[in-house]
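Novice: Its first residue numbered 1, the sequence shown is counted upward by one per residue in this note's numbering. C-beta: ideal position from N, C-alpha, C; glycine also. None of the values given here were measured: they were computed from a predicted structure.
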Amino acid sequence: MATSIESLLGDDARFLLDHESTTIDRARLQLPGPDFIERVVSGSDRNQRVINNLTRLFDHGRLAGTGYVSILPVDQGIEHTAGASFAPNPDYFDPENIVRLAMEGGCNAVASTFGVLGAVSRKYAHRIPFLVKINHNELLTYPNSYDQVMFGGVDRAFDMGAAAVGATIYFGSQESRRQIVDVAEAFEHAHDLGMATVLWCYLRNSDFKTDKDYHTSADLTGQANHLGVTIQADIIKQKLPTNNGGFTAIGFGKTSPLVYDELTSEHPIDLCRYQVANCYMGRAGLINSGGASSGASDLSEAVKTAVINKRAGGTGLISGRKAFQRPMKDGIELLNRIQDVYLDDSITIA
1 MATSIESLLG DDARFLLDHE STTIDRARLQ LPGPDFIERV VSGSDRNQRV INNLTRLFDH
61 GRLAGTGYVS ILPVDQGIEH TAGASFAPNP DYFDPENIVR LAMEGGCNAV ASTFGVLGAV
121 SRKYAHRIPF LVKINHNELL TYPNSYDQVM FGGVDRAFDM GAAAVGATIY FGSQESRRQI
181 VDVAEAFEHA HDLGMATVLW CYLRNSDFKT DKDYHTSADL TGQANHLGVT IQADIIKQKL
241 PTNNGGFTAI GFGKTSPLVY DELTSEHPID LCRYQVANCY MGRAGLINSG GASSGASDLS
301 EAVKTAVINK RAGGTGLISG RKAFQRPMKD GIELLNRIQD VYLDDSITIA
């Protein structure tokens, strides 16, 4: 298993697998593990039904009992249009194939829209945990505008038999304060009903692009994560950091030189670890996104992201387009290779 992972990492293998972090020591983190629910979550104010659903999510699929998760997200039919998302493989216009891919790919859960999951809920909601995405950025308005709006209610997800609900906030956008209120209220209601919560903590502001695209800066995404766990998201979804210093480059907000001198380095694992630290030192699991499909390099890119996330102290990967924009057999293989990283005990926390 380790050899195939090293082969997929290519020239980055030793850079990623041998790195020893000297920023935030792993001993300070609440790391994933078979006892994560009992060790960390059970001490929170989450009611027993939430703990039951989180346990169900963590104990499903190939990664069951490890403390890691592999989730298939397919809400791109709204976020990117159905044509752009499913034209590479029209089978995924049919919601049942989305759920089948998650099941046959050994995922912990399937994340999708009210429509997709509702269309097959009686057949599958008891067979794999459903994560219902309750808000979206609709891109049929012309000219395009960017906002996350609710597409349904938490009660509908509960009636469907969902184990969890998910939402996105565009932190930094003009609409972000309304989105924070909308999502915080929805998450509180979801917890009352016993469902877990997952927050896509994305950044959106045209001024975050200067000499670099700081939408994926470690310091800015880290703060977005911190806001996400503050409204009690149980799991945080974030894009993998590609740079740092967004606060200083853009010249806004508040930060500390220690963030850049001691708590991070230029190494991708250390940048990701800063994201984990902002998730209350790992008390809320960090899952990184798999990103867009690039074709032939998808498999190596997905494995690389998984290695960075795991070695940083993260909780797993949520990979969509790389998996469903190809034949199902190949999508299953990609999901399994991601999961192999988390099953490989030789790949340790840096």
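For LEU63, collect the residues of the same chain with a Cβ closer than 8 Å to its Cβ; drop the 5 residues on either side in sequence, then sort them by chain order.
Specialist: Once the five neighbours on either side are set aside, the close Cβ partners of LEU63 are VAL69, SER70, GLY106, ASN108, GLY316, GLN339, TYR342, LEU343.
Novice: Assuming the contact rule is C-beta atoms closer than 8 Å, PHE114 and ARG156 should be a hit. Round their C-beta distance to whole Å, please.
Specialist: 6 Å
Novice: Would you list the residues sitting across from TYR170 in a DSSP beta bridge?
Specialist: TYR170 is bridged by DSSP to TYR202.
Novice: Answer yes or no: does any C-beta atom of chain D fall closer than 8 Å to that of GLN48?
Specialist: This model lacks chain D altogether, as it is built from one protein chain only.
Novice: Would the beta-carbon of PRO34 fall within 8 Å of that of GLY65?
Specialist: yes
Novice: Return the bridge partner residues of LEU343 from the DSSP annotation.
Specialist: Beta-bridge pairing links LEU343 to no other residue.
Novice: Is LEU227 near PHE208, with beta carbons less than 8 Å apart?
Specialist: No, Cβ-Cβ distance for LEU227 and PHE208 is not below 8 Å.
Novice: Please classify ALA163 as buried or exposed, where buried requires at least 16 other C-beta atoms within 10 Å of its C-beta.
Specialist: Buried, since its Cβ has 16 or more Cβ neighbours within 10 Å.
Novice: Leaving out five residues on either side along the sequence, give the residues of the same chain with a beta carbon under 8 Å from the beta carbon of ALA125.
Specialist: LEU117, MET160, GLY161, ALA162
Novice: How do the region 279-298 and the region 245-256 stand: do at least 3 beta-carbon pairs fall below 8 Å, yes or no?
Specialist: The answer is no - the region 245-256 does not touch the region 279-298, with fewer than three Cβ pairs under 8 Å.
Novice: Assign VAL303 to one of two classes, buried (16 or more other C-beta atoms within 10 Å of its C-beta) or exposed (fewer than that).
Specialist: buried
Novice: Any idea which residues DSSP pairs THR197 with across the strands?
Specialist: VAL165
Novice: For ALA167 versus ILE134, is the C-beta distance shorter than 8 Å?
Specialist: One thing to note: ALA167 has its Cβ within 8 Å of the Cβ of ILE134.
Novice: Return the Cβ separation of ILE250 and THR210 in integer angstroms, given the expectation that the two are a contact with Cβ distance under 8 Å.
Specialist: 6 Å
Novice: If you pair each beta-carbon of the region 175-187 with each one of the region 265-277, do three or more pairs fall below 8 Å?
Specialist: no
Novice: Are PHE171 and LEU203 touching if we call contact CB-CB under 8 Å?
Specialist: yes
Novice: With a cut-off of 8 Å, do at least 3 Cβ pairs link the region 50-62 to the region 14-31?
Specialist: Cβ pair count under 8 Å is below three, so no.
Novice: Going by C-alpha distance, which of ARG14, SER85, THR23, PHE15 is nearest LEU263?
Specialist: Out of ARG14, SER85, THR23, PHE15, THR23 has the C-alpha closest to the C-alpha of LEU263.
Novice: Between ALA224, GLN30, THR348, which has its C-alpha nearest GLY253's C-alpha?
Specialist: GLY253 has its Cα closest to that of ALA224, out of ALA224, GLN30, THR348.
Novice: Taking only the alpha-carbon atoms, compute the straight-line gap between SER7 and ALA13 and give it to the nearest angstrom.
Specialist: 8 Å
Novice: Among GLY10, VAL74, ASP11, ARG100, which residue has its Cα nearest to the Cα of GLY291?
Specialist: VAL74
Novice: Curious, which full-length beta strand (DSSP E) runs of at least 3 residues does the region 187-270 contain?
Specialist: 196-203, 235-238
Novice: At the level of alpha carbons, what is the spacing between ASP330 and ALA284?
Specialist: 31 Å
Novice: Please confirm whether LEU131 and ILE169 have their CB atoms less than 8 Å apart.
Specialist: no
Novice: Cβ of ILE318 within 8 Å of Cβ of ILE347?
Specialist: no
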